[in-house]
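**Student:**
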Amino acid sequence: MSKLTSEQQQKLRNMLTDEKQQLEKHFEINDETAAGMEESLKSSISELSTADNHPADIGTEMFERDRDIAVNDTIDQQLDAVNRALRKLDNGDYGICEVCGDDIPYERLEAIPYTTVCVDHAEQRSDPGARPVEEQVMTQPPSGAGEGRQTHAGRFDDADAWSTVESYGTSNTPAMAADRDVTDYDAMSSDKVDGTGHVEELEKFAANDMQGKNRHVQQTKAYREYVDRNESEFTSNAANAAASKDQPTGRR
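Residue numbers are given in the UniProt record's numbering: position 245 of the sequence shown equals residue 245, and the series is strictly consecutive.
1) Exposed or buried, THR116, counting other C-beta atoms within 10 Å across all chains shown (16 or more means buried)?
2) Taking DSSP as the reference, what is the three-state secondary structure of VAL133?
3) Quickly, what does DSSP pair HIS216 with across the bridge? List them, please.
4) Would you say VAL71 and LEU23 are within 8 Å of each other, going by their C-beta atoms?
5) For ASN14, which residues of its own chain have a beta-carbon under 7 Å away from its beta-carbon, when the five flanking residues on both sides are left out?
6) Near GLU98, what residues of its chain come up, given a Cβ to Cβ distance below 7 Å and the 5 sequence neighbours on each side ignored?
7) In angstroms with no decimal places, state the Cα-to-Cα distance between GLN211 and TYR223.
8) Using a 10 Å radius around the Cβ and a threshold of 16 neighbouring Cβ atoms, would you call PHE205 buried or exposed?
9) On the three-state DSSP scale, how would you describe ILE96?
10) Who does ASP103 pair with in a DSSP beta bridge?
11) Distance, Cα to Cα, SER167 vs TYR185?
12) Would a C-beta distance cut-off of 8 Å place LEU16 and TYR106 closer than the cut-off?
13) CA-CA distance, HIS121 and ASP103?
14) Out of curiosity, what's the CA-to-CA distance linking LYS221 and ASN214?
15) Rank ILE75, ALA111, GLN218, ALA161 by C-alpha distance to the C-alpha of HIS26 and give the top, closest one.
16) Please report the distance separating the alpha-carbon of ASP66 from that of GLU7.
17) Locate the alpha helix (DSSP H) running through ASP68, then write down its first and last residues.
18) LEU79 and GLY95 look like a contact to me (Cβ under 8 Å); what is the Cβ gap, rounded to whole Å?
19) State the Cα-Cα distance for the pair SER163 and ASP68, rounded to the nearest angstrom.
20) Going by Cα to Cα distance, which pick from GLN9, LEU202, ALA130, ASP179 is closest to ARG87?
21) Taking the beta carbon of PRO132 as the centre, do at least 16 other beta carbons fall within 10 Å, making it buried, or is it exposed?
22) Taking the alpha-carbon of ASN208 as reference, which of GLU200, GLU201, GLN218 has the nearest alpha-carbon?
23) Which value, in whole angstroms, describes the spacing of the CA atoms of ALA177 and TYR226?
24) Nearest CA to the CA of LEU89: which residue from ASP73, PRO113, GLY59, GLY169?
25) Quick one: is ALA130 buried, meaning 16 or more other Cβ sit within 10 Å of its Cβ, or exposed?
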């Protein structure tokens, strides 16, 4: 049983009651001003579409609603903790750590009246080393991939940012595709044919070493197709330059 005096318990009860009233008032105001959060986002803002990646995307409104929901969830959890603390006061087991069974110091209860654990076990419940969920989809950056490019692990590789987003779909349709052979949405991706990791087509065969030197052209299928289309003089000049470096030079 807690060693709190009657005066201390009464003071803490008053603090919990005031806290409960403030939290409940938040939901009352929220219901009056936000149409109860039950109305759909599309109806509340009268937009034509709420589809992701749509030209009429409503990023600001979506963020505001997500934030309101997150705030409501946090306050709802805090309200549950306050109600639980009030029940413990009525049952006579308030102020006792749920983990070790020791008395929680009055100073801690005065600071956080709805707490149910002591300081030592409160630190054990927190995870300071927890990492953001976004890091699960981040790839490790290549080592020495050029000056100014990703110098630490865990950073999103924005070189293929559009390809990543495009894989979830866009507002384009097969009828709008530049390629007349496209007949379905699965073939709409700009990287559908061996384009991953490249922004320009030249990057499929233009190469250099890890330090950005020794520039050369790789004799790949993409290079041969590019030359066959006669799209640029760059490829033939670069190929000749690369080939000439491999030829032995005679004395004059």
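From the three backbone atoms N, C-alpha and C, an ideal C-beta is built for every residue, glycine too. All values derive from a computational prediction rather than experimental measurement.
**Tutor:** Looking at the coordinates:
1) Indexing the sequence shown from 1 puts residue 116 at position 116. With 16 or more Cβ atoms within 10 Å of its Cβ, THR116 is classed as buried.
2) Here the question's residue 133 lines up with position 133 in the sequence shown. It is helical.
3) Locating residue 216 in the sequence shown gives position 216, counting from the first residue. ALA207, per the DSSP bridge assignment.
4) Within the sequence shown, numbered from 1, the residue matching residue 71 stands at position 71. Within the sequence shown, numbered from 1, the residue matching residue 23 stands at position 23. No, they are not a contact pair.
5) By 1-based counting over the sequence shown, the position of residue 14 is 14. Excluding residues within five positions, none has a Cβ falling inside 7 Å.
6) As a first step, residue 98 is located in the sequence shown; it is residue number 98 there, counting from the start. These residues qualify, in order along the chain: THR116, VAL117.
7) For the purposes of this step, residue 211 is taken as the residue at position 211 of the sequence shown. For the purposes of this step, residue 223 is taken as the residue at position 223 of the sequence shown. About 23 Å.
8) Along the sequence shown, one-based indexing puts residue 205 at 205. Result: buried.
9) What you label residue 96 is simply residue 96 of the sequence shown in a count that begins at 1. Judged by DSSP in its simplified three-state form, ILE96 adopts strand.
10) If you number the sequence shown from 1, residue 103 lands on position 103. Paired residue(s): ILE96.
11) The residue labelled residue 167 in the question sits at position 167 within the sequence shown. The residue labelled residue 185 in the question sits at position 185 within the sequence shown. Answer to the nearest angstrom: the Cα atoms are 10 Å apart.
12) As a working mapping, residue 16 is identified with position 16 in the sequence shown. As a working mapping, residue 106 is identified with position 106 in the sequence shown. No, they are not a contact pair.
13) The residue labelled residue 121 in the question sits at position 121 within the sequence shown. The residue labelled residue 103 in the question sits at position 103 within the sequence shown. Rounded to the nearest angstrom, the two C-alpha atoms are 12 Å apart.
14) For the purposes of this step, residue 221 is identified with residue 221 of the sequence shown, where counting begins at 1. For the purposes of this step, residue 214 is identified with residue 214 of the sequence shown, where counting begins at 1. Within the model, the alpha-carbon separation for LYS221 versus ASN214 is close to 21 Å.
15) Taking the sequence shown and counting its residues from 1, one reaches residue 26 at position 26. Ranking ILE75, ALA111, GLN218, ALA161 by Cα distance to HIS26 puts ILE75 first.
16) By one-based count along the sequence shown, residue 66 stands at place 66. By one-based count along the sequence shown, residue 7 stands at place 7. Distance between the alpha carbons of ASP66 and GLU7 is about 42 Å.
17) Walking along the sequence shown from the start, residue 68 turns up at place 68. Per DSSP, ASP68 belongs to the alpha helix (DSSP H) from 59-91.
18) Taking the sequence shown and counting its residues from 1, the one referred to as residue 79 is at position 79. Taking the sequence shown and counting its residues from 1, the one referred to as residue 95 is at position 95. Their Cβ separation, rounded to whole angstroms, is 20 Å, which puts LEU79 and GLY95 out of contact at 8 Å.
19) Working through the sequence shown from its first residue, we reach residue 163 at position 163. Working through the sequence shown from its first residue, we reach residue 68 at position 68. Spanning the two alpha carbons is a distance of roughly 31 Å.
20) Numbered from 1 along the sequence shown, position 87 holds the residue referred to as residue 87. Answer by Cα proximity: GLN9.
21) Counting from one through the sequence shown, the residue named residue 132 turns up at place 132. Its Cβ having fewer than 16 others within 10 Å, PRO132 is exposed.
22) As a position in the sequence shown, residue 208 is number 208, starting the count at 1. Closest option to ASN208, Cα to Cα, is GLN218.
23) If you number the sequence shown from 1, residue 177 lands on position 177. If you number the sequence shown from 1, residue 226 lands on position 226. Those two C-alpha atoms are separated by around 21 Å.
24) Against the sequence shown, residue 89 aligns to sequence position 89. Of the listed residues, the one whose Cα sits closest to LEU89 is PRO113.
25) For the purposes of this step, residue 130 is taken as the residue at position 130 of the sequence shown. When all chains shown are included, ALA130 counts as exposed.
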